[in-house]
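Accompanying notes for the structure given below.
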Amino acid sequence: MDKIAIVHFQPLEKYPPVMNVINSISRLDNTNCRIYTTNNYRNKNWFATYKIQINRVGTIKNNSLSRYWCYVKFNSITFLSLLYKKPNVVLAFETYSILPIYLYKKLFFKTKVHIHYHEYTSTEEIKRNSYYYKVLHALEKKLFITCESISHTNEDRMQLFLKDYPFINKSKGIIAPNLPPSNWYDYAKLYKKENTTGIVRLVHVGALSLDTMYVKKMVEWVIAQNGLFTLDFYTDNITEDARKFIEELQYSKIQLHKSVNYFDLPKVLIYYDIGLTIYNGHILNYVYNVPNKVLEYLSCGLRVWHSSELISTQKFINENKILGCKSIDFKTVETLQTDSFEKLRIFNTNGSFETILNAPSELVIKLTGLK
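Going by the numbering used here, the sequence shown opens with residue -9, and the numbers climb by one from there.
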């Protein structure tokens, strides 16, 4: 039986994909897995799963002194625990998780190390980052040579990454999309009801920013539709200027809500018609991105409107023949005509997407050796 350790410095609750990986492993027989992460500051550590122990070490806070104390505490305690538990397979999520794994691999060189990235970080962004981050990056570059696999969420990000680090053996690359649980699709198909109000219900789930998203453009367009559309935002990650902008609208058709527990999202999304993804593509990470929310909307039978800047999203839709998605130039959204919309179906059925949802995770297969 493999002893697996997953090191994820950031709180698990902020990253649904890692929770889904952990849940997938927990359902397998003959696996022994332990998680190392930090506490979810200002929110409850609500995520737990059957058979797998989660060790939470330190709390990430806003001030630099507390943050660096968290680095010291997390890295030292996680490393000591790895020494004691002696896993033979280790998975690092992102650069901030690298240090204890690097040290452990130096002592136990036969350890199988896997690295997964939620995001793509360009070499230019790394140069602008903190000295601590640059040190971690120097260590992870050494692991690139000896690790078993490196995974990104889509092929475009992987190609950018391999171009940045041409010394990496391309055979190590794994594509691990951020898919939600497959049972969401079945739940939504069973419970989603027809919208008989004559009003199209738009929804946006996740972070909100006036600088990196077309929030103002979308809000102004909804108001201009004179009540034919509603727009609800669900988030606990919102910039102050975005919050102020939405709250000062005082427009009943546009509402700002607190975030919903990730695993309860289907119960909320089934009451909407179209899910929005409104990133403006300010960095390559977003241009070459298939956002979690796109996959979550599709899993719950919604149609999707996404920014035309999202190249990888459109590529994913085209290659997999995904239905019910619309690429929108939000810079000129005022030209979008409501009379051109097709009649909304109760459930946006996508046979090809359902197949993707139910496919086994290549990352989990690599980690566990089980199919």
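Don't be surprised by glycine CBs; every beta carbon is placed ideally from N, CA and C.
Report task. With a 10 Å radius around its C-beta and 16 neighbouring C-beta atoms as the bar for buried, classify tryptophan 174 as buried or exposed. Result -> Counting Cβ neighbours within 10 Å, tryptophan 174 comes out buried, since at least 16 surround it.
Query raised in the report: Where does the unbroken alpha helix (DSSP H) through phenylalanine 223 begin, and where does it stop?
Result: From DSSP, phenylalanine 223 is part of no alpha helix (DSSP H) but of the beta strand (DSSP E) over 219 to 224.
Requested in this report: Identify which residue in Gln0, Lys321, Arg17 and Ala(-5) has its Cα closest to the Cα of valine 209.
Outcome: Ranking Gln0, Lys321, Arg17 and Ala(-5) by Cα distance to valine 209 puts Lys321 first.
Report task. Measure the C-alpha to C-alpha separation of threonine 48 and cysteine 60 and round it to an integer number of angstroms. Result -> Going by the sequence as given, residue 48 is glycine instead of threonine. If I take the Cα positions, the gap works out to 5 Å.
Query raised in the report: Looking at the structure shown, is lysine 356 part of a helix, part of a strand, or coil, going by DSSP?
Result: Reduced to three states, the DSSP call for lysine 356 is helix.
Query raised in the report: To which residues of the same chain is arginine 147 closer than 6 Å at the C-beta, ignoring the five residues directly before and after it?
Result: Apart from sequence neighbours up to five positions away, the residues of its chain that approach arginine 147 with a beta-carbon distance below 6 Å are Tyr110 and Tyr278, ordered along the chain.
**Report entry** the stretch 228 to 246 / the stretch 260 to 275 touching (three or more Cβ pairs under 8 Å)
**Finding:** By the C-beta criterion, the stretch 228 to 246 is judged not to be in contact with the stretch 260 to 275, since fewer than 3 inter-stretch pairs fall below 8 Å.
Query raised in the report: In chain order, which beta strand (DSSP E) runs of at least 3 residues are fully inside the stretch 74 to 110?
Result: As far as the stretch 74 to 110 is concerned, its whole beta strand (DSSP E) runs of at least 3 residues are 79 to 83 and 102 to 106.
Query raised in the report: So what does alanine 381 bridge to, in DSSP terms?
Result: Any answer about residue 381 is impossible in this case: the structure gives the chain only from -9 up to 361.
Requested in this report: Would you decide whether isoleucine 336 is buried or exposed? Buried here means 16 or more other CB atoms lie within 10 Å of its CB.
Outcome: With fewer than 16 other Cβ atoms within 10 Å, it is exposed.
Query raised in the report: So the alpha helix (DSSP H) asparagine 45 belongs to, where does it begin and stop?
Result: Per DSSP, asparagine 45 lies in no alpha helix (DSSP H) segment; the continuous beta strand (DSSP E) that holds it begins and ends at 43 to 49.
**Report entry** Distance between isoleucine 88 and valine 80 (C-alpha atoms, nearest Å)
**Finding:** About 11 Å.
Query raised in the report: When you compare each of Val280, Asp(-8), Leu180 and Tyr287 to threonine 101 by their alpha carbons, which one comes out closest?
Result: Taking only the C-alpha atoms, the option nearest threonine 101 is Asp(-8).
**Report entry** Alpha carbon of phenylalanine 151 to alpha carbon of aspartate 201, nearest angstrom
**Finding:** Answer to the nearest angstrom: the Cα atoms are 26 Å apart.
Query raised in the report: If you pair each beta-carbon of the stretch 276 to 294 with each one of the stretch 209 to 224, do three or more pairs fall below 8 Å?
Result: In this structure the stretch 276 to 294 does not lie against the stretch 209 to 224, because fewer than three pairs of beta carbons, one per stretch, are closer than 8 Å.
Requested in this report: Report the option in Thr27, Arg233 and Trp36 whose CA atom is closest to the CA atom of leucine 72.
Outcome: Closest in C-alpha terms to leucine 72, from the list Thr27, Arg233 and Trp36, comes Thr27.
Query raised in the report: Exposed or buried, which one is lysine 41 when buried takes at least 16 other CB atoms within 10 Å?
Result: Result: exposed.
Query raised in the report: Which first and last residues belong to the alpha helix (DSSP H) in which glutamate 15 is found?
Result: In the sequence as presented, glutamate is not what sits at residue 15; that position holds isoleucine. Unbroken alpha helix (DSSP H) run through isoleucine 15: 6 to 16.
Query - Coarse secondary structure for leucine 133, derived from DSSP in three states - result: In the structure shown, the three-state DSSP call for leucine 133 is helix.
Requested in this report: Quickly, what does DSSP pair lysine 316 with across the bridge? List them, please.
Outcome: Lysine 316 pairs with Trp295.
Requested in this report: Taking all protein chains shown into account, decide if alanine 128 is buried (16 or more other Cβ within 10 angstroms of its Cβ) or exposed.
Outcome: So alanine 128 counts as exposed.
Query raised in the report: With contact counted as at least three CB pairs below 8 Å, one residue from each stretch, are the stretch 21 to 40 and the stretch 132 to 146 in contact?
Result: Under the three-pair Cβ rule at 8 Å, the stretch 21 to 40 does not count as touching the stretch 132 to 146.
Query raised in the report: When DSSP labels each residue in this structure, what does serine 330 get in the three-state scheme?
Result: Because serine 330 sits at a pLDDT of 46, beneath the cut-off of 50, its placement in the model cannot be relied upon, and the following sentence gives the value as read from the coordinates. Residue state, collapsed to three classes: helix.
Query raised in the report: Beta carbon of lysine 283, beta carbon of valine 190: below 7 Å?
Result: Going by C-beta atoms, lysine 283 is not nearer than 7 Å to valine 190.
Report task. Give the single residue among Asn340, Lys356 and Val62 whose Cα lies nearest to the Cα of valine 294. Result -> Ranking the options by Cα distance to valine 294, first place goes to Asn340.
Query - Ranges of the alpha helix (DSSP H) found wholly within the stretch 197 to 278, counting only runs of at least 4 - result: Listed in chain order, the alpha helix (DSSP H) runs fully inside the stretch 197 to 278 are 205 to 214, 230 to 237, 255 to 259 and 274 to 277, counting runs of at least 4 residues.
Report task. Flag threonine 229 as yes if its beta-carbon sits less than 7 Å from any beta-carbon of chain D, otherwise no. Result -> This model lacks chain D altogether, as it is built from one protein chain only.
Query raised in the report: By Cβ distance below 6 Å, which residues in the same chain neighbour glycine 359 in space, the five residues on each side in sequence not counted?
Result: Cβ within range, chain order: n/a, list empty.
Query raised in the report: Considering only the beta carbon of each residue, do isoleucine 91 and valine -3 sit closer than 7 Å?
Result: Yes, these two residues count as a Cβ contact at 7 Å.
**Report entry** Distance between asparagine 251 and serine 330 (C-alpha atoms, nearest Å)
**Finding:** Low confidence applies here, because serine 330 scores a pLDDT of 46, under 50, leaving its location unreliable; read the following figure in that light. Going by the C-alpha atoms only, they are around 35 Å apart.
Query - Candidates Ile228, Glu184, Pro170 and Tyr181: closest to alanine 197 by CA position - result: Checking every option, the nearest Cα to that of alanine 197 belongs to Ile228.
Requested in this report: Can you tell me which of Leu126, Lys51 and Tyr177 puts its alpha carbon nearest to the alpha carbon of tyrosine 287?
Outcome: Taking only the C-alpha atoms, the option nearest tyrosine 287 is Tyr177.
Query raised in the report: Which partner residues does histidine 127 have in the DSSP bridge list?
Result: Partner(s): none; histidine 127 has no beta bridge.
Query raised in the report: Among Glu309, Cys290, Leu353 and Tyr224, which has the Cα closest to the Cα of leucine 246?
Result: Residue Tyr224 is the option with its Cα nearest to leucine 246.
**Report entry** Of the residues Gly188, Leu300, Leu169 and Leu221, the one placed nearest tyrosine 367, counting alpha carbons only
**Finding:** Any answer about residue 367 is impossible in this case: the structure gives the chain only from -9 up to 361.
Query - Enclosing beta strand (DSSP E) for isoleucine 164 [first to last residue] - result: Looking at the DSSP string, the run of the beta strand (DSSP E) that includes isoleucine 164 is 163 to 165.
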